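Just below is one structure, and these are the notes that go with it.
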Amino acid sequence: MTETVTNQEVAAFRRAIVDHYVAHGRRLPWRETRDPYAILVSEIMLQQTQVERVREKYLRFLAVFPGWEELAGAELSGVLSLWQGLGYNRRAVSLQLCARGVLQRFGGTLPREVELLQSLPGIGPYTARAVAAFAFGVATPFIETNIRSVFIHHFFPESHCVRDADILPLVELTMDREHPREWYYALMDYGAHLKRGTANPGRNSAHHVRQSPFRGSNREQRSLILKAILVEPGMDRSRLEEKLAMETASLARNLGELEREGFIRQEGGRVWIR
């Protein structure tokens, strides 16, 4: 695909993205900092969560846990309490483990190398590259949902089941290597704009998956369990079952999973956040 894209097309594409960003770029608090810790927090929060929901949580989280040491040394119950409303509580646990890893392995300084970033808990290929770009200005190609939509819209308008493997070379070809941070912000804002104005181009991706409903799901049950224990630490299991109107077998299974994953501890028929 890249062989057929001319320099003029690349220039026109960049101009369209930058012009939109100049006129309509979003002001978001995590874009106002270059602190690697704050940027990592925002990236973990933004995974599968809407920007509007993250904005206030991000500021409150940083006010309580302003750095690696504060987060690493915090009680998990305090971290989870602040995380409520963002979903996917496992990410909060991974973020705290990541903070401990940064202190223990890197002396409290987040590495800029993608490979080292990926070696930390909860940091996958996308997050590592996004943090490298936004915190350290490393020009490395990556794809997320809005970026994917932009490239499908511009370069694959009539295609279906477009693979990321086909998009990634175009991301690298069109990248602004001198200003990767601003360039990726511009791409993301353009992608968000496309989703508001047209049918989401991302639906033509081979990787598009419709998220299952939260209400009534096992994810909701786990969330309700954690919320109840946060409100009443040491709650008796029978009271927890009654309070949540949850079947005994379902509650037992979820409590076992949450304990194995490091969220809770059970002792004498009572349950605490670990």
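Residue 13 is where the sequence shown starts when you use this note's numbering, and the numbers rise one by one after that.
Even for Gly, the Cβ is constructed at its ideal location relative to N, Cα and C.
Predicted, not measured: the structure shown is a model, and the values here were computed from it.
Tell me whether the beta-carbon of residue i lies closer than 8 Å to the beta-carbon of residue j.
i, j, result
"R286", "L88", "yes"
"Q116", "V91", "no"
"I237", "N266", "yes"
"F25", "H166", "yes"
"T260", "E253", "yes"
"T14", "L182", "yes"
"Y2", "R27", "Residue 2 lies beyond the residue range present for the chain, which begins at 13 and ends at 286; the question has no answer from this structure."
Could you tell me the distance, in whole angstroms, from the CA atom of residue i to the CA atom of residue j?
i, j, result
"G274", "I29", "43 Å"
"K207", "E125", "32 Å"
"Q20", "A140", "31 Å"
"G37", "L256", "44 Å"
"W284", "L52", "28 Å"
"N212", "L58", "19 Å"
"D151", "R46", "At residue 151 the sequence reads Ala, which differs from the Asp that was named. About 15 Å."
"S235", "D188", "41 Å"
"V248", "A50", "A small correction: the amino acid at residue 248 is Asp; Val does not occupy that position in the sequence shown. Those two C-alpha atoms are separated by around 37 Å."
"R39", "L263", "43 Å"
"F118", "E170", "47 Å"
"V243", "P78", "24 Å"
"S131", "V114", "10 Å"
Among the options, which one has its Cα closest to the Cα of residue i?
i, options, result
"P133", "R112, R141, T152, G99", "R112"
"R272", "E82, R102, G85", "R102"
"R282", "V183, G119, G246", "G246"
"G280", "E170, I135, T121, S250", "S250"
"H32", "V162, L182, A264, E170", "V162"
"A35", "E82, H205, N230, A264", "H205"
"N230", "M258, R72, V243, E55", "M258"
"W80", "G209, S54, G120, Y100", "G120"
For the putative contact between residue i and residue j, defined by C-beta atoms under 8 Å, what is the C-beta separation to the nearest angstrom?
i, j, result
"L180", "P137", "Actually they are not in contact, since the Cβ atoms of L180 and P137 sit about 11 Å apart, beyond 8 Å."
"P41", "Y70", "6 Å"
"A104", "W95", "4 Å"
"T61", "L122", "Their Cβ separation, rounded to whole angstroms, is 21 Å, which puts T61 and L122 out of contact at 8 Å."
"V22", "L185", "6 Å"
"I135", "C173", "Their Cβ separation, rounded to whole angstroms, is 29 Å, which puts I135 and C173 out of contact at 8 Å."
Exercise for review: Taking 8 Å as the threshold, find out whether the segment 193–204 comes into contact with the segment 151–169 through three or more Cβ pairs.
Suggested key: These segments touch.
Check your understanding: Pairing CB atoms from the segment 144–151 with CB atoms from the segment 177–192, are three or more of them under 8 Å?
Key -> Flag = yes, the segment 144–151 and the segment 177–192 touch.
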